[in-house]
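To start, the structure itself, in structure tokens.
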Amino acid sequence: MSTPAATPPGGTWTLGDLTVTRFGYGAMQLAGPWVMGPPADRDGALAVLREVVALGITHIDTADAYGPHLTNQLIREALHPYGDSLHIVTKVGATRDEAGGWPPARRPEELRRAVRENLENLGLDTLDVVNLRLGDAQGPVPGSLAEAFEALVELQRQGLIRHLGLSNATAEQVAEARAIAPIVCVQNMYNLAHRHDDELLDELAEQGIAYVPFFPLGGFSPLQSEALTAVAARLEATPMSVALAWLLQRSPNVLLIPGTSSVAHLRENVAGAGLSLSEEDLAELDKIGR
0 MSTPAATPPG
10 GTWTLGDLTV
20 TRFGYGAMQL
30 AGPWVMGPPA
40 DRDGALAVLR
50 EVVALGITHI
60 DTADAYGPHL
70 TNQLIREALH
80 PYGDSLHIVT
90 KVGATRDEAG
100 GWPPARRPEE
110 LRRAVRENLE
120 NLGLDTLDVV
130 NLRLGDAQGP
140 VPGSLAEAFE
150 ALVELQRQGL
160 IRHLGLSNAT
170 AEQVAEARAI
180 APIVCVQNMY
190 NLAHRHDDEL
200 LDELAEQGIA
210 YVPFFPLGGF
220 SPLQSEALTA
230 VAARLEATPM
240 SVALAWLLQR
250 SPNVLLIPGT
260 SSVAHLRENV
270 AGAGLSLSEE
280 DLAELDKIGR
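Here you go:
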């Protein structure tokens, strides 16, 4: 692997005892259409993963449900044996069906199987961080997570998981999980236009827990805003670069995991996130999701 030239924008954050770059990489887009099947360009997918490491990024987000299994197998092929500084965060709690849906799989036996499959496909003895995915494709769903989370705590006691987190969770579920065992991160949908987690994000910052926005650029419907376009034009930058930079400046506990299947786009994301937004820029952008 090549030696990183510099630390990506945003510096670093500590997940438990693991130091990661705040600018990370989300591997979901490496699979085929709708996150099913192999990529159209396998060599290109491997090249993206190697460029992630070459750029100094030390936080890769994945799930064995991507593909399914194929994205983790690509990560292993491209990067194994992993460098000491590289940390892979995965998630369990959903699987895939033949129609490309994401049915829940949160019974203890399903979670145990998912952890084993992540370990096997990534080529690891211990998973750095495992997020319990809750809710459904429409978002968080209220309800107790105790049985599922306690199953992961037991796997943590067995040494198969180093740290735990949550994904697609309500604030109440975050509190319930923290009453059972420590968590190091919460991964929810959040971006300039979707600010429903503002209060939770700030609470987690006070507690030293990372907040990891998924769909930081809007997901399948990219962010659209006159204010975003205006700020981007003023800075001679792309709207997506401004959106990433805003997230990094939103709070020091925000970790970015934008995904791409293109080396060029990966480099653009890293460079764009390094924009410095003024107080005027931030005030204008803050109006978007209010």
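So in numbering that gives the first Met the number 0, spot 108 of the sequence shown is number 107, and the numbers just go up one at a time. Note that the Cβ used here is the ideal one computed from N, Cα and C, for glycine as well. Since this is a predicted model, take the numbers as computed values, not measurements.
Test item: CB-CB of V128 and L14 under 9 Å: Contact: yes.
Beta carbon of I208 nearer than 9 Å to that of N252: Cβ distance < 9 Å, so I208 and N252 count as in contact.
Local Cβ density within 10 Å of A62, reported as buried at 16 or more and exposed below that: It counts as buried.
N-terminal and C-terminal residue of the alpha helix (DSSP H) that F213 is part of: Segment 209-213 is the beta strand (DSSP E) holding F213; no alpha helix (DSSP H) there.
Coarse secondary structure for P7, derived from DSSP in three states: Correct three-state label for P7: coil.
Distance CB(T57)-CB(T18) smaller than 9 Å: Cβ distance < 9 Å, so T57 and T18 count as in contact.
S260, DSSP secondary structure in three states: Of the three classes helix, strand and coil, the one that applies to S260 here is coil, per DSSP.
Beta-carbon proximity check, N130 vs G158, cutoff 9 Å: In this structure, G158 does not lie closer than 9 Å to N130 by Cβ.
Rounded straight-line distance, which links the Cα of W245 to that of P212: Cα-Cα distance, rounded: 12 Å.
R233 in three-state terms, based on DSSP: The answer is helix: DSSP assigns R233 an H, G or I state.
Nearest-angstrom beta carbon gap, A176 and Y144 [assumed within contact, 8 Å]: Here residue 144 is Leu; the residue named in the question, Tyr, does not match the sequence. Right, the Cβ-Cβ distance comes to about 6 Å (below 8 Å), so this counts as a contact.
Among G43, A5, G99, nearest to W33 - alpha-carbon criterion: The shortest CA-to-CA distance from W33 to any of G43, A5, G99 is the one to G99.
For M188, the residue or residues it bridges with in DSSP: Beta-bridge pairing links M188 to F213.
M0 - DSSP class collapsed to helix/strand/coil: Residue confidence for M0 is low, a pLDDT of 40 falling below 50, so the modelled location carries little weight; the figure read from the coordinates is stated next. In this structure, M0 counts as coil in the three-state DSSP scheme.
Short Cβ contact (9 Å threshold) for V91 with R49: It is not a contact, given that the beta carbons lie outside the stated cut-off.
The segment 255-273 in contact with the segment 218-230 per 3-pair CB rule at 8 Å: No: the two stretches stay apart, fewer than three of their Cβ pairs being nearer than 8 Å.
Neighbour-count burial assignment, V52, 16 or more Cβ in a 10 Å radius: With 16 or more other Cβ atoms within 10 Å, it is buried.
Bridge partner(s) assigned by DSSP for T89: Its beta-bridge partners are V129.
Paired residues, beta bridge with P103 - DSSP: Per the DSSP secondary-structure output, P103 pairs in a beta bridge with A93.
6 Å CB neighbourhood of W101 in its chain, flanking five on each side removed: The residues A93, A136, in chain order, have a CB closer than 6 Å to that of W101 in the same chain once the five nearest residues on each side in sequence are set aside.
DSSP three-state assignment for I179, whether helix, strand or coil: The answer is helix: DSSP assigns I179 an H, G or I state.
Paired residues, beta bridge with D60 - DSSP: According to DSSP, D60 bridges with G25, V88.
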